[in-house]
Amino acid sequence: MLHAATFTFLADLRANNNKAWLDANRPAYEAAKADFLALVTEVLSQLEAQDPAIAESHLQPKKCVFRLNRDIRFSNDKTPYKTNFGAWFNAGGKAAASAGYYLNLEPGGSFVAGGMYMPEAKVLATLRQEIDYNLPAFEALLHAPEFRRYFSGLSQEHTLQRPPKGYDAANPALAYLKLKSFTASHPLPDAALQRPGVSQQITAAFGALQPLIYFLNQGLD
């Protein structure tokens, strides 16, 4: 479980997103970072036990965690730091162009998620083709009881207005083919993250995502 001080640090960082403040509060940052890493380490150990691909990849917990610094080179928002901690569990590592599992920690906005977010055009075309060819199997995993226990469906955040090139409006898979990402997420209340057993809750949700992860990655093989 996570400590309340970790949430306090992130909330304070949101209100004081500048280098001077972070430098002055470095001990609180280091403690919060270590707290999150401890959770990531526990989650990764449990995920390895249920996902052979993750187990065979020998991921290191530190390599799963994203840096706090934001890339502001091409952004109008010049605040230097993220106000969340995030971890990406992917058999190919953080830079892999494949599906994986994500844990987000942010006061009032924590969640578990998985799938593939905004893949490049060639990968997106491949995944659309895979879904088109295997629609019954794809819909079956999205309607499986274990998946539905945690997820209402795929995120509709990025969706085309018209059918993608090469597909017509009568295609039975059109609702999925119009997506630019294939992800699902489940919220985590702050209180739940501060109770014992939260790592098991996270890996249970990841287990429900595993068929989706495998479907997407097999489509890329």
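Here my numbering runs 853 ahead of the position in the sequence shown, where the first position is 1. All C-beta atoms, glycine included, are put in the ideal place defined by N, C-alpha and C.
Of the listed residues the options, nearest to residue i (C-alpha basis)
i, options, result
"A857", "E983, L1046, L1069", "L1046"
"K916", "W941, T859, F860", "W941"
"A950", "S1052, K975, A877", "K975"
"Y882", "L1032, R867, E895", "R867"
"G945", "E959, P905, L958, E895", "P905"
"L988", "E909, L897, L1030, S928", "L1030"
"L1032", "K886, R923, N937, D985", "D985"
"S1008", "N869, L956, H1039, H911", "H1039"
"Q1053", "D865, F860, H1011, L900", "L900"
"L921", "F862, D1074, D1043, K1018", "F862"
"E973", "L1027, A1058, A993, A948", "A948"
"K931", "G961, G939, R1048, K872", "K872"
"L892", "R926, T1036, T1056, S1005", "T1056"
"L977", "P1017, Q903, A864, G961", "P1017"
"L958", "V1051, I1066, D1074", "V1051"
"G962", "L1041, D876, D1074, Q903", "L1041"
"L994", "L875, N878, W874, I1066", "I1066"
Cβ-Cβ separation, residue j to residue i (assumed contact under 8 Å), whole Å
i, j, result
"A1069", "L1013", "Note that residue 1069 is Leu in the sequence shown here, rather than Ala. That belief does not hold up - the Cβ atoms of L1069 and L1013 are roughly 18 Å apart, past 8 Å."
"V896", "L956", "7 Å"
"Y934", "N870", "6 Å"
"G1006", "A1026", "With 8 Å as the limit, G1006 and A1026 do not qualify as a contact, their Cβ atoms being about 14 Å apart."
Pair within 7 Å by beta-carbon distance, residue i and residue j
i, j, result
"G953", "N943", "yes"
"D1043", "F860", "yes"
"A1058", "Y1020", "no"
"E983", "G1072", "yes"
"Y970", "S928", "no"
"A864", "P960", "yes"
In DSSP terms, what residue i is bridged to
i, result
"F860", "Paired residue(s): none; F860 is not in a bridge."
"P1040", "F964"
"M969", "F1035"
"A940", "V918, L956"
"Y1020", "Beta-bridge pairing links Y1020 to no other residue."
"T1012", "L1032"
"Y934", "N922"
Chain C contact for residue i (CB, 7 Å cutoff)
i, result
"L890", "Here chain C cannot be found, since the structure has a single protein chain."
Original post:
Within the chosen definition, does the stretch 955–967 reach the stretch 1047–1067 through at least 3 CB pairs nearer than 8 Å?
Top reply: Taking 8 Å as the limit for Cβ pairs, the verdict is that the stretch 1047–1067 does touch the stretch 955–967.
**OP:** Could you tell me whether the stretch 899–917 touches the stretch 989–1003, where touching means 3 or more Cβ pairs closer than 8 Å?
**Re:** Using a C-beta cut-off of 8 Å, the stretch 899–917 makes no contact with the stretch 989–1003, since fewer than three inter-stretch Cβ pairs fall below that distance.
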